[in-house]
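Peer 1: One structure is given below, represented as structure tokens, and several questions about it will come after.
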Amino acid sequence: MNRKYKSGATKRKLKKDEEERKAKVIGKIRKLDEFMKPKAAADDANDNQLLNLPQNSGSSVSSPPPDENLVAVNVVNEIAEAKDQYSSDENHLHQPSSPNNDHLIANENIVIGSSTEATSTEATSDENLVTMAVDENAESSSSLTLPDIDTSSTLTGMASFSHDSDPVHYIKINYFTTALLQKFTKLDSCQPQARDMPDGAFPKSGQGQRSFSDIHYFVRMPDRSYARRKWLSYSVVLDKVFCFTCCLFGSAAAKNSFFVKQGTQNWANISHLLRVHETSANHLESEIGRSLFLASNRNLDSYRDRSANTRISQNREVVKVLINIVYFLAKHNLPLRGKVETLRLAGKSNLGNFIDMAILISKYHPTLFNFLLQIEKKMKDDEPSRVARVTFMSNRMQNSMLKILAEEIRSDILKEVKDAQYFSIIIDTTTDISKQEQFSMVIRYARVNYEKNEVEIVESLIALEICTDATSNGMFILFKGLCEKHGIDWRKNLVGQAYDGASSMRGQYGGLRTLVQNENPRAIYVWCYAHVLNLVIVSLCDSTQDIRNFFGNVQKLVNFIRSSRKRFQCWHPGSNNETAVVQQ
1 MNRKYKSGAT
11 KRKLKKDEEE
21 RKAKVIGKIR
31 KLDEFMKPKA
41 AADDANDNQL
51 LNLPQNSGSS
61 VSSPPPDENL
71 VAVNVVNEIA
81 EAKDQYSSDE
91 NHLHQPSSPN
101 NDHLIANENI
111 VIGSSTEATS
121 TEATSDENLV
131 TMAVDENAES
141 SSSLTLPDID
151 TSSTLTGMAS
161 FSHDSDPVHY
171 IKINYFTTAL
181 LQKFTKLDSC
191 QPQARDMPDG
201 AFPKSGQGQR
211 SFSDIHYFVR
221 MPDRSYARRK
231 WLSYSVVLDK
241 VFCFTCCLFG
251 SAAAKNSFFV
261 KQGTQNWANI
271 SHLLRVHETS
281 ANHLESEIGR
291 SLFLASNRNL
301 DSYRDRSANT
311 RISQNREVVK
321 VLINIVYFLA
331 KHNLPLRGKV
341 ETLRLAGKSN
351 LGNFIDMAIL
361 ISKYHPTLFN
371 FLLQIEKKMK
381 DDEPSRVARV
391 TFMSNRMQNS
401 MLKILAEEIR
411 SDILKEVKDA
421 QYFSIIIDTT
431 TDISKQEQFS
441 MVIRYARVNY
451 EKNEVEIVES
461 LIALEICTDA
471 TSNGMFILFK
481 GLCEKHGIDW
491 RKNLVGQAYD
501 GASSMRGQYG
511 GLRTLVQNEN
521 PRAIYVWCYA
531 HVLNLVIVSL
541 CDSTQDIRNF
551 FGNVQKLVNF
561 IRSSRKRFQC
571 WHPGSNNETA
581 VVQQ
């Protein structure tokens, strides 16, 4: 009885023969590597004609043409020209085409051993086209001729396609406005043909001296039809390919892809890389964003940043309240800081006037209340990791608000001084609690009150700086620096100066007033009225015995009353014993 199926030994022998044949083909295919890519490919119009694709750039697909040989005409011609040089490989070129053999020839990645997926049974669309042309036309390549194609409307040079669409113009942009998105989407992705390159072919690079092929602009669909990769963009300047869609419409995760950040030049694995990227979730999300933008043509800034704009608006309301709190406390000379400043201890500890007042106002301000509630929640969630948080309530933010308010007030004062034109200065130094010499500068000027229709004399503090050199020369240098910093023309408009009686201030030969008058003789020096009055009172009190005794007795009386709590309560006007004290 004859068998209708092959025996196991026969199957094993056939399998072994097949593996040996595959190994021989793999060993020989390396020499054909550089001949597997065309020197020059047709432009978009020619590709559409050869592949029977639509002329527009849409996503519609069409069935492949019956004559696929035209796609690889240049490849076949090159192989025919190299027959004599590679005669040892001729038998492999003329081997009958089989699915397995087509797979081995099509997958160039097997040759360089760079991808484990290159041994799969599914060949890429562009490589299959080349393989079919090689197998079917190796023997008759000399008889093939290029078809007559009208190239009057095709791209014929570098100047014939827009350089503005090159990815080099937008890969470094972090944020795209609506205007930029409209500009680049109108230009579309950059897909030059080989004939558009300066040398008529894409440049070769890498160890294997491979180059990009414009056949990668198309992808083979599951129904064996073809569609253009609208997202693929080739940079003529960088000789790399980028994802046009992810660059413009991608999320933060999508923009971390090397197709966005730096592009790729891995031509050996480009087919695999393109398939992986165009099927990734981040790329598909970017394509959805692009479709929404093109379909609605709405303001993408508000569409994409709606939540961010809402948060910004809320933050502005919160900061406005906090600035008013700082202004109130500074106006009343109240401290802002507390011993412990954390919202977790609200109601349990003194957090300082600033934070406590913010908590109080939040009871009547919903936006501020929600803001503080979110901060408290984040502090609990992020406590183990100590994640930095933006609260607008830190000590540095308080100091920043104080500085901003000070600059605004100083700006208004300087505007009034410039309107008045002429002014005088009052300068004095004093030691603060930290034992540092503070240099205070007050400007005295005339201001017109249009409501009361009168002129007012105003004295405004303009600067308070640490004085490291208390000599006349040191204070003069500090004075000039402050005037230059705030735009005060003291050499022209200063008409008066007032200091105390210290020699470094009123010295006739080396004092501050003399140094000022050397450059502005019109700046008349007047001894400070407050200092003069103090000296007059002190001198008057020491002039006669009766006055000295009077103030001495007053001092003794004050000490006598303060030394006893009962005596102080009897003397205090608000005490219950006021009548008894008066009667006694």
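The sequence shown begins at 1 in UniProt numbering and counts up by one.
Glycine residues also receive a C-beta, built at the ideal position from the N, C-alpha and C atoms.
1. My parser needs the alpha helix (DSSP H) runs of 4 or more residues fully inside the region 269-342; what are they?
2. Sort G510, L540, Y234 and D469 by Cα distance to D188 and report the nearest one.
3. So, at 6 Å on beta carbons, what are the nonlocal neighbours of Y525 in its own chain, with the 5 sequence-adjacent residues on each side left out?
4. To test your reading of the DSSP string, which unbroken beta strand (DSSP E) runs of 3 or more residues are found completely within the region 211-252?
5. Please report the distance separating the alpha-carbon of D500 from that of D489.
6. Roughly how many angstroms lie between the CA atoms of K377 and F371, to the nearest whole one?
7. Would you check if the distance between the CB atom of V260 and the CB atom of F249 is smaller than 8 Å?
8. So, helix, strand or coil for E19, using DSSP?
9. Tell me which same chain residues have a C-beta within less than 7 Å of the C-beta of N549, skipping the five on either side of it?
10. With H, G and I counted as helix, E and B as strand and the rest as coil, what does DSSP make of M441?
11. Which value, in whole angstroms, describes the spacing of the CA atoms of S271 and A23?
12. Would N350 be called buried (16 or more neighbouring beta carbons within 10 Å of its own) or exposed?
13. Any idea if L336 is buried or exposed, counting beta-carbon neighbours within 10 angstroms, 16 or more meaning buried?
14. Express the C-alpha separation of Y422 and F176 in angstroms, rounding to a whole number.
15. Report buried or exposed for R220, applying the criterion of at least 16 other Cβ atoms within 10 angstroms of its Cβ.
16. Helix, strand or coil: how does DSSP classify Q497 here?
17. Could you check how far apart the C-beta atoms of V236 and D166 are, in whole angstroms? I think they sit under 8 Å.
18. Can you tell which of I325, V318 and M357 has its C-alpha closest to the C-alpha of T391?
19. So, helix, strand or coil for E456, using DSSP?
20. According to DSSP, is D428 helix, strand or coil?
21. In the DSSP assignment, find the unbroken beta strand (DSSP E) run with V390 in it and report its ends.
22. Leaving out the 5 sequence neighbours to the left and right, which residues in its chain are closer than 6 Å to A254 when beta-carbon positions are compared?
23. Would DSSP call K539 helix, strand or coil?
24. Taking the CB atoms as reference points, tell me whether L229 and F212 lie closer together than 8 Å.
25. Does the pairing of the region 416-433 with the region 391-402 give three or more beta-carbon distances under 8 Å?
26. Looking only at its chain, what residues have a beta carbon closer than 7 Å to the beta carbon of K418, apart from the 5 residues adjacent to it on each side?
27. Please list the terminal residues of the continuous alpha helix (DSSP H) segment that includes I173.
28. What would DSSP say about R9, mapped onto helix, strand or coil?
Peer 2: Looking at the coordinates:
1. 270-278, 281-296, 300-304 and 306-331
2. Counting from 1 along the sequence shown, the entry for residue 188 is found at position 188. With distances taken between Cα atoms, D188 lies closest to Y234.
3. Residue 525 sits at position 525 when you count from the first residue of the sequence shown. Closer than 6 Å at Cβ, skipping near neighbours: Q497 and R513.
4. 218-220, 226-228, 232-235 and 240-243
5. Locating residue 500 in the sequence shown gives position 500, where the first residue counts as 1. Locating residue 489 in the sequence shown gives position 489, where the first residue counts as 1. If you take the alpha carbons of D500 and D489, they lie about 23 Å apart.
6. Walking along the sequence shown from the start, residue 377 turns up at place 377. Walking along the sequence shown from the start, residue 371 turns up at place 371. Distance between the alpha carbons of K377 and F371 is about 10 Å.
7. As a position in the sequence shown, residue 260 is number 260, starting the count at 1. As a position in the sequence shown, residue 249 is number 249, starting the count at 1. Cβ distance not < 8 Å, so V260 and F249 don't count as in contact.
8. The residue you call residue 19 lines up with position 19 of the sequence shown. It is helical.
9. Your numbering for residue 549 matches position 549 in the sequence shown. Within the same chain, N549 has no close Cβ partners at all.
10. Position 441 of the sequence shown, counted from the first residue, corresponds to residue 441. M441 falls in the strand class under three-state DSSP.
11. Position 271 of the sequence shown, counted from the start, is the residue given in the question as residue 271. Position 23 of the sequence shown, counted from the start, is the residue given in the question as residue 23. Spanning the two alpha carbons is a distance of roughly 23 Å.
12. Taking the first residue of the sequence shown as position 1, residue 350 is located at position 350. N350 comes out exposed.
13. In the sequence shown, counting from the first residue as 1, residue 336 sits at position 336. So L336 ends up on the buried side.
14. Locating residue 176 in the sequence shown gives position 176, where the first residue counts as 1. Locating residue 422 in the sequence shown gives position 422, where the first residue counts as 1. So the two alpha carbons sit approximately 51 Å from each other.
15. Position 220 of the sequence shown holds residue 220. With 16 or more Cβ atoms within 10 Å of its Cβ, R220 is classed as buried.
16. Within the sequence shown, the letter at position 497 stands for residue 497. Q497: strand per DSSP, three-state reduction.
17. The residue labelled residue 236 in the question sits at position 236 within the sequence shown. The residue labelled residue 166 in the question sits at position 166 within the sequence shown. That belief holds up - the Cβ atoms of V236 and D166 are roughly 6 Å apart, short of 8 Å.
18. Here residue 391 is taken as the residue at index 391 of the sequence shown, counted from 1. Of the candidates I325, V318 and M357, the one whose C-alpha sits nearest the C-alpha of T391 is V318.
19. Position 456 of the sequence shown, counting from 1, holds the residue named residue 456. Here E456 sits in strand by DSSP.
20. Translated into the one-based positions of the sequence shown, residue 428 becomes position 428. In this structure, D428 counts as strand in the three-state DSSP scheme.
21. Numbered from 1 along the sequence shown, position 390 holds the residue referred to as residue 390. Segment: none, V390 is in no beta strand (DSSP E) and carries neither H nor E.
22. Your numbering for residue 254 matches position 254 in the sequence shown. C246, N282 and S286.
23. Position 539 of the sequence shown, counted from the start, is the residue given in the question as residue 539. Per the sequence shown, residue 539 should be read as Ser rather than Lys. Note: S539 maps to helix in three-state DSSP.
24. Counting from 1 along the sequence shown, the entry for residue 229 is found at position 229. Counting from 1 along the sequence shown, the entry for residue 212 is found at position 212. Before going further, note that residue 229 is Arg rather than Leu in the sequence given. For R229 and F212, no; Cβs fall outside 8 Å.
25. no
26. Locating residue 418 in the sequence shown gives position 418, where the first residue counts as 1. For K418, where only same-chain residues beyond five positions count, there are no Cβ hits under 7 Å.
27. Mapped onto the sequence shown, residue 173 falls at position 173. No alpha helix (DSSP H) contains I173, which DSSP labels as neither H nor E.
28. Here residue 9 is taken as the residue at index 9 of the sequence shown, counted from 1. It is Ala, not Arg, that sits at residue 9 in the sequence shown. It is helical.
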